[in-house]
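Trainee: Have a look at this one.
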Amino acid sequence: MINLHSVSYVRLGTRDIERSEMFATKYLGLELAERTRRATYFKSDHREHTLCYFEGDPTDQTVAFEVGSAEDLAIAATELERCGHDVHLGTTAEAESRKVRDFIAFDDPSGNRIELVVGPAHGGRRYHGTRDAGVTGFSHIGLCSTDPVRDEVFWTRICNPRVSDRIGEAPLLRINEVHHSIAIFASNKPGIQHINHQVESSDDIMRSWRFLQERQVPIVFGPGRHPSSSAKFLYFEGPDGMVFEFSSGVRLIADELLYRERQLAAEAKGFCQWGANPDIPEFRDK
Amino acid sequence: MIAIERLRYVRLGTRDLATSVNFARQVLGLELVSQTDRIAYFRSDHRDPSLTFTTDAQGHALALELRDIESLDAASKVLIEAGYVVERGTAEQCSERKVKAFIAINNQSGPQIELVIRPLTSGWRYFPSRDAGVTELAAVALRSSRPEIDLRLWTKLFDGTISDRVGDAAYIGFDEVHHRVAVHPAEQPGILAVEFAVESLDQLMQNWYFLGNSQVKIAHGPGRRPTSGQLFVTFHGPDDVLYSFVSEGSRIADRHTHRSRQFVKGPLSFCCWGSESQIVEFG
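Protein chains in written order, with our numbering: chain A, 28 to 313; chain B, 31 to 313.
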């Protein structure tokens, strides 16, 4: 069993790094942590970085999860290879560019690039956003899946995530007390489906809604409230069509023994209890 | 000083009773108590009614409850001394308003104000037409052509106090809720908005989506008022009256120690989420 502790960072290729930088700072409100020749790093919380845009193909997308130790990493590599996944052992230079001590990379069954990392760098300096968006941190990702049922088996049998709820066939998976850190949605191709940052309150959701609307950022879903996690949310579109989510008030699952996952409808009402209609292909009625 | 017990009802003259009744049931989701060809009574809570529509086009009025007949007689005296024309309601008028007795203050700068005693309360649970989550008639926003005279009425003759001001507009309260009445300077006197409280943010936003899907024109919001901290969405009803759903909001435990704050005149003082307002008085 591969024990994921938390979701660590996202790496996104982009053809227009300047525009991506502008979006990440001015609209998401993140703090620019470091700019290198080919990549820009952003802080959203106590960690040195949680988002990296690099010059490259926009379909080149990676999400990283933290594991406990170098030993756990080695065990994970063996386990993944045993299950037929090609495992890439991160080089020192690659680890440095990810601000981690060590890492491995592999593809999940749908072909999503996943990294498992040890010792992601924490910053001593506290997070100070570019704008007052109320961001409290990078929190979860949605992954596209060519077969959510198969991928649920991979994520919950080989790794430690547990199903918190299902929307149709889409499982929302937790790896700690937060309702979900990974959500898997049916699609015809792999890729990161959305990137979530938590904000302090529903006021922050609503202020960002107006702020982004005024700047013609496409709002693709919300404002609304998920009946699954009870989080208030806003989804909007960033560079290269990537969907970003701000949410607040996510449910915490304290009691693993008593909690039972629920089945929600794979239609608008399963995604929003206020009445918002998603303009996101993976959230539409199947 | 005239002690106001509570906000009691809003009475609106309508050009088209059927349209108003439909709006109150389908959009506001209120409970229709009874209806004739010239009057319709609605409940939003225990008050029977809290909203009345009449075919009398001059019928806009706002009613406040006083404690007893002695208070009503005393209030009448105070108001006459202050120069207001006060009329005692006839038995027929009382019966139409479902009150034991009332006086009507003929107010030149705002809508008619009725001071009532022993208004009817329903012992039956409020059963709304739709699940809008309405909990009570919360407040009334008034258009005033002479705000300084109206503020004197509300705070010197009545025992209301100013909770906050935005420009020359004032929020007035007489219980622990931030305000029950808002007085907005305007060219024409009248009722600007009738506001119903809903349970929470969930119901407020569900209503906003419902209004959008029902093609009801939104005038302002959804948003949050920096003054009262209330969540609101304001929308157009029949006969040029606005309606709001409101929720949350700060409380004022002790009105005597509360200091009213002055907010700058402008849209951001009416919404701190940044929603645009179609309401001239908030410009």
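Think of the CB as a built atom: it goes at the ideal place given N, C-alpha and C, for glycine as much as any other residue.
Counting only beta-carbon separations shorter than 8 Å, does A/F238 have a partner in chain B?
Mentor: Chain B contact via Cβ: present.
Trainee: State yes or no: is the beta carbon of B/G113 nearer than 8 Å to at least one beta carbon in chain A?
Mentor: Output row for B/G113: interface = no.
Trainee: For chain A, find out if any of its Cβ atoms is closer than 8 Å to the Cβ of B/D161; answer yes or no.
Mentor: No, no contact with chain A.
Trainee: Which residues in the same chain have their Cβ closer than 6 Å to the Cβ of B/Y71, if we skip the five residues on either side of it in sequence?
Mentor: Within the same chain, B/Y71 has close Cβ partners V63, S64, P79 and T82.
Trainee: In three-state terms, what does DSSP make of A/K126?
Mentor: Coil at A/K126, not helix or strand.
Trainee: Write down every uninterrupted run of the beta strand (DSSP E) in the region 69-131 of chain B whose length is 3 residues or greater and which is fully enclosed by it, in chain order.
Mentor: Here the runs fully enclosed are 69-73, 81-84, 91-95 and 115-118.
Trainee: Assign B/Q88 to buried or exposed, taking buried as 16 or more other Cβ atoms, counted over all protein chains shown, within 10 Å of its Cβ.
Mentor: Exposed, by the Cβ-count rule.
Trainee: First and last residue of the alpha helix (DSSP H) that includes A/D178?
Mentor: Looking at the DSSP string, the run of the alpha helix (DSSP H) that includes A/D178 is P175 to V180.
Trainee: If contact means a Cβ-Cβ distance below 8 Å, which residues of the region 243-276 of chain A contact chain B?
Mentor: Within the region 243-276 of chain A, the residues whose Cβ lies closer than 8 Å to some Cβ of chain B are P250, G251, R252 and K259, listed in chain order.
Trainee: Consider the Cβ of B/R254: report whether some Cβ of chain A lies at a distance smaller than 8 Å.
Mentor: It does; some Cβ of chain A falls within 8 Å.
Trainee: Out of B/N136, B/G304 and B/E166, which has the shortest C-alpha to C-alpha gap to B/R255?
Mentor: The shortest Cα separation from B/R255 among B/N136, B/G304 and B/E166 belongs to B/G304.
Trainee: Excluding five sequence neighbours on each side, which residues of the same chain lie with their C-beta closer than 8 Å to the C-beta of B/S299?
Mentor: The answer, listed in chain order, is V196, G197, P256, T257 and F293.
Trainee: Using a Cβ-Cβ cut-off of less than 7 Å, give me the residues of the region 220-236 of chain A that come near chain B, in sequence order.
Mentor: The residues in question are S229, D230, M233 and R234.
Trainee: What whole-angstrom Cβ distance do B/E166 and B/A121 have, given they're in contact under 8 Å?
Mentor: At roughly 29 Å, the Cβ-Cβ gap does not stay under 8 Å, so B/E166 and B/A121 are not in contact.
Trainee: Here's the rule I'm using: 16 or more other beta-carbon atoms within 10 Å means buried, otherwise exposed. How should B/K186 be labelled?
Mentor: Exposed, since its Cβ has fewer than 16 Cβ neighbours within 10 Å.
Trainee: Can you name the residues of chain A whose CB is closer than 8 Å to the CB of B/D232?
Mentor: By Cβ distance, chain A contributes R252, Q300 and W301.
Trainee: What does the Cβ neighbour count give for B/Q245, buried or exposed, with the cut at 16 atoms within 10 Å?
Mentor: The residue in question, B/Q245, is exposed, as its Cβ has fewer than 16 Cβ neighbours within 10 Å.
Trainee: Do the region 157-177 of chain B and the region 95-103 of chain B touch if we need at least three Cβ pairs shorter than 8 Å?
Mentor: At 8 Å Cβ cutoff, the stretches do not touch.
Trainee: Determine the closest residue to B/T44 out of B/I69, B/R36 and B/Q56, with distance taken between C-alpha atoms.
Mentor: Out of B/I69, B/R36 and B/Q56, B/I69 has the C-alpha closest to the C-alpha of B/T44.
Trainee: A/F248 and A/P305 - do their beta-carbons sit closer together than 8 Å?
Mentor: Yes, they are a contact pair.
Trainee: Return helix, strand or coil for A/R311, following the three-state DSSP convention.
Mentor: In the structure shown, A/R311 sits in coil (DSSP, three-state: anything other than H, G, I, E or B).
Trainee: Select from B/K130, B/T85 and B/R36 the residue whose C-alpha is nearest the C-alpha of B/A93.
Mentor: Looking at the Cα atoms, B/R36 is the closest of the given residues.
Trainee: Measure from the C-beta of B/Q236 to each C-beta in chain A and report whether the shortest distance is under 8 Å.
Mentor: Answer yes: the Cβ-Cβ gap between B/Q236 and chain A drops below 8 Å somewhere.
Trainee: Looking at A/T157 and A/E58, is the spacing between their C-beta atoms short of 8 Å?
Mentor: Contact: yes.
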